[in-house]
Amino acid sequence: MDGGVFVYWSAIPTQAGLYIVGGTSAGAPQWSAALAIAYQYSHVAPGLINPYLYQLMGTPAFHDVAQGSNTLRPGQGFLSTPGYDPPTGLGSPNVGYLVVELARLLT
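Numbering (this note's numbering), first residue to last: 1 to 107.
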């Protein structure tokens, strides 16, 4: 499996089965869980988390995705580049490192 979670999809009965799905439906609960652990560890719930995440850009808290795109045919997407970019943002989170460093920043 590469880049998603297994989901059983049955909207079209003849195509029912397990599919790899990603996006916000998979990512939002994962981020919520990671942030909850950081908040428990630090005993602080800061509200707006973005400033803290941007402080961790370029650290091992994120794996920079420097190649690829989010293009879906027939549309045109954006290319990934080193650093922040539209398809991958700060990169994919390294949650083990992210939680510890985020808790450190919050305290």
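In this text, a Cβ means the ideal position worked out from N, Cα and C, and glycines have one as well. Fair warning: this is a prediction, and the values are worked out from it, not measured in the lab.
Cα atoms of H43 and T71: separation of roughly 40 Å, rounded to the nearest angstrom.
Contact annotation: A28 and V95 have beta-carbon atoms that are not nearer than 9 Å. In this structure the region 79-91 touches the region 52-68; the number of beta carbon pairs closer than 8 Å is three or more. In this structure, the straight-line span from the alpha carbon of P60 to that of V99 is close to 11 Å. Beta bridge pairing from DSSP links F78 with no other residue.
Residue range G17 to V21 is occupied by the beta strand (DSSP E) that includes Y19. P93 carries a strand assignment under DSSP once its states are collapsed to helix, strand and coil. In the DSSP assignment, Y8 falls within the unbroken beta strand (DSSP E) covering V5 to W9. Beta-carbon to beta-carbon, Y52 and L105 are separated by about 5 Å, close enough to satisfy the 8 Å threshold.
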